[in-house]
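Everything below concerns the one structure shown next.
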Amino acid sequence: MERASQITLFLLLIIHSGVAQNATTSGTDEFPVGVILDLESLGGKMARTSILMALEDFYTVHRNYSPKVVLHIRGSKSNSVEVASAALDLLENYNVQAVIGPQTSSQAAFVSDLGNKSQKYDIAIGDITISENRMSYVDFTLPYTESGVAMVVPAKSSRTNNTWIFVEPLSRDLWLGSIILFFYTWVVLWLLEFLGNNTNIPGEVPRKLGIMTFFSLFGDKDRVERLLSRIVLIVWVFFFLVLSASYTANLATMLTIRQLNPTITDIHELRKSGDYVGCIRGSYVERILEQLNFDGSKIKTYNTYDGFYSALSKGSKNGGIAAFIHEVPYIRLFLARNCKGYTMVPFYKAAGFGYAFPKGSPLVGDISKAILSVIGGDTINQIEKKWIGIGYQNNCNNAGRAPDPEKLTPDGFTGLFILSGAISTSSLLIAVAIYFYEKKNSTTETQPDQKGDQAEGNERGNEAGEEMQNIGLQPSGHRRNASAVSWGFRRSFGTRVAPVSSSSRF
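Quick note on numbering: the sequence shown equals residues -20 to -1, 1 to 486 in mature numbering (1 follows the signal peptide of the UniProt record, and there is no 0).
If you want it as structure tokens, here you go:
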């Protein structure tokens, strides 16, 4: 909470011009501000030092700014009665125009109610939670912080030990698409080599299928001689390399990333378990827990962050707590410094922190506009960097649960799928066209050659028959021998060597 006081004062200085108008009308050059802190605690001492440094820095930059803020610092001793006493003293004896610094919501509400009844204050500034019952007594500005109540719970590392994790980098659709493309490429390659009559792939069909499978995975330019086959293989290998590189990177992320999962994910499960929970003493969160039917004996209250940090480390079964419940701005501060091993689980929406004014105060609208100008731009980020400390965020890379690595989907590989499929289909169509074109030409050229061979064989057979007749052979023998000789001639001269098909090259 001590950090919230720093933010509060800085916002006060930014919006101070609106409040100061009330003081300048009375002709004074001073703007008295009351500060109530627990000066005996480390947080109170740090808040006091931070407030003084903020004022010094502000007036270093704005030397001629008027009116001047005059601080009146009082100690609260972490007691609401002491806070009320200090507030009365500041209101009656120093006529302060604002009171800042109450370190719990109950203290801030007490001061707000006190000032409302005395009608001696213009604004109450602090980490005052906007609530329905408080709006019956005071008017609030717009909230200047994010809203909500959450619980801090231990986080466990969930590095996956799944046996089938090697299939998780790719989505089901991408696995299916890759397998279909693989088999399609495999079939296209086999058809290309078959239609091309490639003699580099000997053996029966099963052997050829096996070699084509090897081609479709790795490619082998010494075996694949056909140009169309090489084109298909080049595109497939490129697709395979891109897919395998993406798969390897995603798998490595899944195996090495440290994912933090909360041990408790639901406030009702926490209540049913009977474990101890913690909250800041005097905070309205304690009332929220009672409304959620938590057993009062299971609620432990703490004054400092160190107290509940130690209790969280012990755990509920060892005398500590299972979860610490607080408002989101404070939890983010805690996680910024103690992010290792803890995470935040939101469960309750709240209106956030605001500044309180007496009922009907004309300053509410002006201050709300000033707050919007601060939180609506980069100013609030600069305030957080300076006063909360950006170093905490830099030292903590996992202030919550690490997001799960996303599976690769076909969306990122659509272009490669289309390219590979189009190239394979085009190559197959070209190969089929070449095959049928050459087959048609081969049939046309073979028919005249066969007729010429048959006539030549008959002529030679007749000549041989005449020679045999001259040497006195029987006609029947002549017919048989003539047929034999004719068959022999046809065997010797009837078979012609077909030209090598050009499809084997394309």
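In this text, a Cβ means the ideal position worked out from N, Cα and C, and glycines have one as well. Note that this is a predicted model, so its numbers are computed, not measured.
Residue pairing by DSSP places L17 opposite G55 in a beta bridge. Distances from the alpha-carbon of T245 to those of P309, M131 and S151 put M131 closest. Look at T233 here: in three-state DSSP terms it is helix. Of the candidates F327, I279 and L172, the residue whose Cα lies closest to the Cα of S296 is I279.
Three or more Cβ pairs closer than 8 Å define a contact, and the segment 215 to 235 meets that threshold against the segment 388 to 396. Here G258 is bridged, per DSSP, to K280 and F304. Considering only G23, L32 and L17, the residue with the shortest C-alpha distance to G55 is L17. Check the Cα spacing between A331 and each of F314, V308, A316 and L313: the tightest is with V308. Boundaries of the beta strand (DSSP E) harbouring F337: F333 to P338, taken from the DSSP string. In this structure the segment 114 to 130 touches the segment 323 to 339; the number of beta carbon pairs closer than 8 Å is three or more.
P342 carries a coil assignment under DSSP once its states are collapsed to helix, strand and coil. Under the three-state reduction of DSSP, D275 is assigned to coil, being neither helix nor strand. When the alpha-carbon of S46 is set against those of E62, V63 and F38, the nearest one is in F38. The beta-carbon separation of I80 and G106, rounded to 6 Å, stays under the 8 Å limit for a contact. Residue range Y285 to K294 is occupied by the alpha helix (DSSP H) that includes D286.
The beta-carbon distance between L388 and S226, rounded to whole angstroms, is 6 Å. This is short enough to meet the 8 Å contact definition. With contacts defined by Cβ atoms closer than 8 Å, P134 and G299 do not form a contacting pair. A direct Cα-to-Cα measurement between A104 and Y335 gives close to 6 Å. For the pair G14 and L70, the CB atoms are nearer than the 8 Å cut-off. In the three-state reduction of the DSSP assignment, A411 falls in the helix class, which pools H, G and I. Taking L231 as reference, the option from Y74, L292 and L150 with the minimal CA-CA separation is L150. Per DSSP, the beta-bridge partners of I80 are V15 and I105. The beta carbons of V76 and H42 sit about 21 Å from each other, so the pair does not count as a contact at 8 Å. At a Cβ-Cβ threshold of 8 Å, V118 and F337 count as neighbours. Put simply, the backbone Cα of Y417 is about 40 Å away from that of S224.
Take the alpha-carbon of T236 and the one of T323: they are about 20 Å apart. In this structure, DSSP gives P326 an extended state, which the three-state scheme calls strand. Residues L161 and Y164 of the same chain have their beta carbon placed closer than 8 Å to that of G401, with the five preceding and five following residues left out of the count.
Straight across, the Cα-Cα distance linking E148 with L154 is about 11 Å. The continuous alpha helix (DSSP H) containing V41 extends over residues L22 to V41. Within the same chain, I247 and R251 come within 7 Å of L272 by CB-CB distance, once the 5 residues on both sides are set aside. Separation of N44 and G276 (C-alpha to C-alpha, rounded to the nearest whole angstrom) is 54 Å. Pairing V265 with I301 gives a Cβ-Cβ distance that is not under 8 Å.
Inclusion of I268 and V129 in the CB contact set at 8 Å is warranted, their separation being smaller than that value. In the structure shown, K387 adopts coil according to DSSP, grouped into three states.
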